[in-house]
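Q:
Residue numbers (this note's numbering), protein chains in the order written: chain C, -7 to 315; chain S, -7 to 315.
(1) Please state whether the Cβ-Cβ distance between residue 9(C) and residue 72(C) is less than 9 Å.
(2) So for residue 197(C), helix, strand or coil by DSSP?
(3) Taking the alpha carbon of residue 210(S) as the reference point, which residue from 229(S), 244(S), 101(S) has its own alpha carbon closest?
(4) Check each candidate in 62(C), 257(C), 32(C), 66(C) and name the one with the smallest Cα separation from residue 42(C).
(5) Can you pull the chain C neighbours of residue 182(S), defined as C-beta to C-beta under 7 Å?
(6) How long is the line joining the alpha carbons of residue 232(C) and residue 226(C), rounded to whole angstroms?
(7) Excluding five sequence neighbours on each side, which residues of the same chain lie with their C-beta closer than 6 Å to the C-beta of residue 164(S)?
(8) If we define contact as Cβ-Cβ less than 9 Å, is residue 18(S) a contact residue for chain C?
(9) How would you list, in chain order, the residues of chain S whose beta-carbon sits under 9 Å from the beta-carbon of residue 121(C)?
(10) So what does DSSP say about residue 249(S), is it helix, strand or coil?
(11) Apply the 10 Å Cβ neighbour rule to residue 282(C) and answer buried if 16 or more other Cβ atoms are within range, or exposed otherwise.
(12) What is the rounded straight-line gap between the Cα of residue 48(S) and the Cα of residue 1(S)?
(13) Going by CA-CA distance only, name the one from 280(S), 95(S), 229(S), 157(S) that's closest to residue 115(S).
(14) Three or more beta-carbon pairs under 8 Å between the segment 74 to 87 of chain S and the segment 106 to 124 of chain S, yes or no?
(15) Please compile the residues from chain S whose C-beta is within a distance smaller than 7 Å of the C-beta of residue 270(C).
(16) Could you name the residues of chain C that residue 12(S) contacts, counting a contact when the two beta carbons are closer than 8 Å?
(17) Please classify residue 55(C): does DSSP put it in a helix, a strand, or coil?
(18) Mind listing which residues of the segment 26 to 50 of chain S have their C-beta closer than 7 Å to chain C's C-betas, in chain order?
(19) From 143(S), 61(S), 162(S), pick the residue whose C-alpha is nearest to that of residue 125(S); which is it?
(20) So the candidates are 120(C), 69(C), 118(C), 110(C); which of them puts its Cα closest to the Cα of residue 99(C)?
(21) Rounded to whole angstroms, what's the CA-CA distance from residue 251(C) to residue 215(C)? Just pull it up for me.
(22) Of the residues that make up the segment 183 to 198 of chain C, which ones have a beta carbon closer than 8 Å to any beta carbon in chain S?
(23) Kindly confirm or deny that the segment 100 to 107 of chain S and the segment 298 to 308 of chain S touch, where touching means at least three C-beta pairs closer than 8 Å.
(24) Just checking, does the segment 175 to 183 of chain C make contact with the segment 18 to 34 of chain C on the three C-beta pairs under 8 Å criterion?
(25) Are the C-beta of residue 71(C) and some C-beta of chain S separated by less than 9 Å?
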């Protein structure tokens, strides 16, 4: 699988840590200290997740010199949907003006949706089912943050990013992939409402519609499982850690990223870190990091990327991609 | 891709058309006449979508003589999620007692989620990424039906079904696949709430959480697009329509299925029809039909299946599978 182009989009409202101090009545500096995020972006009242996704898709198509008629599959890879039915990819197809009759579906693995979608795309391209695939992730965390819970709100930002991929030449594509779910953590990060279990008919309260995170439990479970997970992923990678040019982590939190870099034993100069200027953008984080790595000229054709992250579920995921 | 086994599960409450006549204060025979469904099943208060999915998965594993440790990927293929975050596959993994560390993710294409997941599984098996994949679809339509709208409520039933697939031998697997989305129909079937666009914080009313369908608009758009869609699918199928042993339609409605059989020009004896005894089970329909085709001894190894359907979005999908 060959990366043709990437693109990203940010919503209209830029919100600084100082803005949040004021809004939440905190002491000056509190929100930055607690979150590590200088600036994040929030969608305005009139913005939609699918419109933001469409902007990112158009940016990627533009960077590739392609038009909306030049892809034959759209994979939506958002963490939270725009609505319960139909899937978000249908709304993205509409917002982006994609041609009628295009194949579209969604892949969901919470914050690792883009990573899972990359593996799916890699296989679909190898099998010849499609020729050129667009993967788009957009998340509007701001629509469901519980501001009474600092650890589950201050770190998040909205955003979207897209990647266009084609079947690669020899030597290009995924070299290793691993995804591991630990169901004991399924309620560590959750939005209880939005589906068949918790809704107004069965009884639901306002907080059921908000993102709930037990930060300590997430960190503990992820920290416990991550070392063996990374070992397994690198054992499946010819050349191991030394062969990795760039590490692209999910921008989960400053603590999670520090922990991951330490466990990897890799210098910070090889880690793409946009956390302070974007926050945790849920499923949009990984493709936004990929866009930053490529558009800044750091990640280049012929190099090897390690993408790595955690997701609500609780899941760990990682892949090694020769660009 | 080779089909190893299937399984299905139905929730506890069997609801006849006569029961619905009484419940809704209709004349005797009205609900059967309007829907064509004699019996459908509804989840009880305490049942969950993931527990029903787990029962279907265990049934499939049992039919295959396999245990929970014998699959290396679980794909959730539900139409509506159990909750907004995390994905339903995580809850199914827990309910089914799957081993910690398993790869799980969800594929969503509304009522065609199972069909899309089959294509994804086929490619992942071909590429060697996984050895044995379980695909599970469960939907509890009853949790979101608007009983004030007969055409959008009387036809639905709850259910779950699963399929276990492995890499096939030469001559086994998908011969053709087509998925086509028509965004103009994205609001013809929808549940507006449940995501970033319509929720209590932004303002939502009770009906936003219920399934809304503009039946005439769906039928019109599907009928307009279906003939060329089928022609394209069969043109990609060596041997064309004559080579098909069994047609497995999404059990959308009696009218939709009659229309599809007529457009195909295929005898009803080659169509697997469980609509009157199950209703439209959303994404669980297609795998339940597959289970019925196989468990009744009709569809056999060496034969060719045509799976075909429509989905909210509005999407059309079809595949040809040599068992």
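The C-beta atom is built at its ideal place from N, Cα and C for all residues, glycine as well. Here the structure is a predicted model, which means the values were calculated and not measured.
A: Straight from the coordinates:
(1) No, Cβ-Cβ distance for residue 9(C) and residue 72(C) is not below 9 Å.
(2) Coil, per DSSP.
(3) Closest option to residue 210(S), Cα to Cα, is 244(S).
(4) Cα-wise, what sits closest to residue 42(C) is 66(C).
(5) In chain order: 75, 77, 78.
(6) Taking C-alpha positions only, residue 232(C) is separated from residue 226(C) by approximately 5 Å.
(7) Counting only residues of its own chain and dropping the five nearest sequence neighbours on each side, residue 164(S) has a CB closer than 6 Å to the CB of -6, 314.
(8) It does not: the Cβ of residue 18(S) has no partner Cβ on chain C nearer than 9 Å.
(9) Residues of chain S passing the Cβ test: 111, 114, 115, 166, 169.
(10) Looking at residue 249(S) - three-state DSSP - the assignment turns out to be helix.
(11) By the neighbour-count rule (16 or more Cβ atoms within 10 Å), residue 282(C) is buried.
(12) Straight-line spacing of the CA atoms in residue 48(S) and residue 1(S) works out to 5 Å.
(13) Taking only the C-alpha atoms, the option nearest residue 115(S) is 157(S).
(14) Because the criterion of three Cβ pairs below 8 Å is not met, the segment 74 to 87 of chain S and the segment 106 to 124 of chain S do not touch.
(15) When 7 Å is used as the limit between beta carbons, residue 270(C) is near no residue of chain S, the shortest such separation being about 18 Å.
(16) At a beta-carbon threshold of 8 Å, none of the residues of chain C lie near residue 12(S); the nearest stands roughly 17 Å away.
(17) It is helical.
(18) Listed by position along the chain: 40, 41.
(19) Closest by C-alpha distance to residue 125(S), out of 143(S), 61(S), 162(S), is 61(S).
(20) Residue 69(C) is the option with its Cα nearest to residue 99(C).
(21) Using only the alpha carbons, I get a separation of about 8 Å.
(22) Here the close residues are 183, 184, 185, 186, 187, 188, 189, 190, 191, 192, 193, 194, 198.
(23) Judged by Cβ distances under 8 Å, the segment 100 to 107 of chain S makes contact with the segment 298 to 308 of chain S, as three or more pairs qualify.
(24) Using a Cβ-Cβ distance cut-off of 8 Å, the segment 175 to 183 of chain C and the segment 18 to 34 of chain C are not in contact, since fewer than three pairs of beta carbons, one from each stretch, lie closer than that value.
(25) The C-beta of residue 71(C) comes closer than 9 Å to at least one C-beta of chain S.
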